[in-house]
Structure formats: structure tokens, C-alpha cells
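*Asks:* Please find one structure pasted underneath; my questions will follow.
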Amino acid sequence: MKDRPETGSTRAEVCAPPRRALLAGALAAILAGCGAPRRGAAAVGGPFHLVDQRGAPADQRILAGKWSAVFFGYTFCPDVCPMTLTTLAQAIDRLGPKAAQVQVVFVSVDPERDTPAQLATYLSSPAFPKATIGLTGTPAEVAAAALAYHVYYKKAGTGPDYSVDHTAIIYLMDPQGRFSRPIAEGISPEETARQISEAMRGG
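Going by this note's numbering, the sequence shown opens with residue 445, and the numbers climb by one from there.
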């Protein structure tokens, strides 16, 4: 398991059988690097320079002031990405008044296809969290952001319908932009909401 993007790759995803191994390996690497998954304990996250779905420049300052569920994926992902975004939407709905303190940040690992306009169309789905921030950039900018978050990604296949293998962890960042904990892909909205609530309480 590699914990950084392939330097020769510009796209990414994890919608194949290797996904579970990638997830487990990435999660283990994060926890090994920080001990317990507690706020600010791990060297996860950092500066990035991308653009949002409106085409406006965006950097790490978008994380300030709210709890941020940061997820790396791509809009052509057939299963993991839409399922994760749908789970996050349902989890946030379960937070009640605390929902206003949480935002979702979707970072594309497929800059070739995921233009700002494509991100805007994709994230407009009513099944996804409202006001999700979509981010994309040049291949180098995306690679730098993925490296900061220890995200693995690699193009799989050829032709216009290629897929991308990628780490499927949700990175929960606190209102100071510091890493709080990883949230595993595939858990229920109830468990996702519980973990976010626990982090917000300082648990």
C-alpha cells in the first residue's frame, strides 16, 4: 500500500476489489503516524491551492470556522464516491442544530475530467450534502493536496472511461483546520453522525 499519489498519475479512484485493502492500509498508516485519532495529533492536511466549482481560487482557509469532512474522489466514480456523499448527507441531517457547524469538502483526483463546471453539476444532486465545496486543479496541484492528506490514487484502465483507484477515507478536520480523525468508508449514516458528534464534543 502506498500512502501518496503516483507521481506519474493525474487521476484517481478506489471502486474495485483492492479498495478494501487500500482503505485498511491508509487508515492503519494514519493511525500509526498519530497514535490515537485525536484532534491535531497527526501530520494530516496542510496548505493546498485549488479552485472550487465556481472556478474561484481556494486554499486551506476554507476549513476555518467549521468542522470539515474532507473526501477525495471523482465525479465519474460509479459507487464509492456517490455512496459516501449520500451517507454524509444523511449523517449531517442527523446532527440536528450541530449540522450548521459541519461542511463537506470534495476534492477531485481526476483533474482531467473534473472541471469546475463538472463538479458543480455533480454536486448539485439532492442526495448529496447541501453546499458541498468541490475542489479541483492542475494535476500538480491535486497531487500536492493528496500528498498532504496521505491519499493514494492511481488511474486504472485506458480510454475515456478509465476509473481511478483512490483512498476512500473521510478526513474529519476541526474548525482550526487540524486533523481530528479518519472516518471509514462504508459505515452507516448513524455511525458517521455519532463519530462526528463525538469529535465535536472533544471525544
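Ideal placement from N, C-alpha and C gives every residue a C-beta, glycine not left out.
Count the other CB atoms within 10 Å of the CB of S607; is the residue buried (16 or more) or exposed (fewer)?
*Replies:* Position 163 of the sequence shown holds residue 607. Answer is buried; the Cβ neighbour count reaches 16.
*Asks:* Spatial neighbours of A592 within its chain, please: CB distance less than 8 Å, with the 5 preceding and 5 following residues excluded, ordered by chain position.
*Replies:* To locate residue 592, count along the sequence shown from 1; it is residue 148. Hits under 8 Å: V488, G489, G490, P491 and F492.
*Asks:* Please return the same chain residues whose Cβ sits closer than 7 Å to the Cβ of C525, not counting the five positions on each side in sequence.
*Replies:* In the sequence shown, counting from the first residue as 1, residue 525 sits at position 81. Excluding sequence neighbours, C525 sits near G517 and Y518.
*Asks:* Relative to the ligand FMN, is the shortest distance from any of its heavy atoms to the C-beta of K599 smaller than 7 Å?
*Replies:* In the structure shown, the ligand FMN is absent, as is every other ligand, since no ligand is present at all.
*Asks:* Helix, strand or coil for A628? Go by DSSP, reduced to three states.
*Replies:* The residue you call residue 628 lines up with position 184 of the sequence shown. Residue state, collapsed to three classes: coil.
*Asks:* How many Å lie between F623 and A637 at the Cα?
*Replies:* The sequence position of residue 623 within the sequence shown is 179, counting from 1. The sequence position of residue 637 within the sequence shown is 193, counting from 1. The straight-line gap from Cα to Cα measures roughly 17 Å.
*Asks:* On the CB-based measure, 16 or more other CB atoms within 10 Å of its CB, does G581 come out buried or exposed?
*Replies:* Position 137 of the sequence shown, counting from 1, holds the residue named residue 581. G581 should be labelled buried.
*Asks:* Under DSSP, the beta strand (DSSP E) around Y597 begins and ends at which residues?
*Replies:* Walking along the sequence shown from the start, residue 597 turns up at place 153. From DSSP, the beta strand (DSSP E) with Y597 extends over Y597 to A600.
*Asks:* Since D503 is in the alpha helix (DSSP H), which residue starts that stretch and which ends it?
*Replies:* On the sequence shown, position 59 is the one that residue 503 refers to. Element bounds for D503: not the alpha helix (DSSP H) but the beta strand (DSSP E), P501 to D503.
*Asks:* Could you say which of G601, A508 and R557 lies nearest to L616 if we only look at CA atoms?
*Replies:* Here residue 616 corresponds to residue number 172 of the sequence shown, with the count starting at 1. Selected option, being the one with the closest Cα: A508.
*Asks:* For the beta strand (DSSP E) containing S568, name the first residue and the last one.
*Replies:* Taking the first residue of the sequence shown as 1, we reach residue 568 at position 124. It is not in any beta strand (DSSP E) - S568 carries neither H nor E in the DSSP assignment.
*Asks:* Put Q497 into one of helix, strand or coil per three-state DSSP.
*Replies:* Looking up residue 497 in the sequence shown gives position 53. Q497: coil per DSSP, three-state reduction.
*Asks:* Go to L579, then tell me how far its alpha helix (DSSP H) extends in each direction, as first and last residue.
*Replies:* Sequence index remark: in the sequence shown, residue 579 carries index 135 (1-based). Segment I577 to T580 is the beta strand (DSSP E) holding L579; no alpha helix (DSSP H) there.
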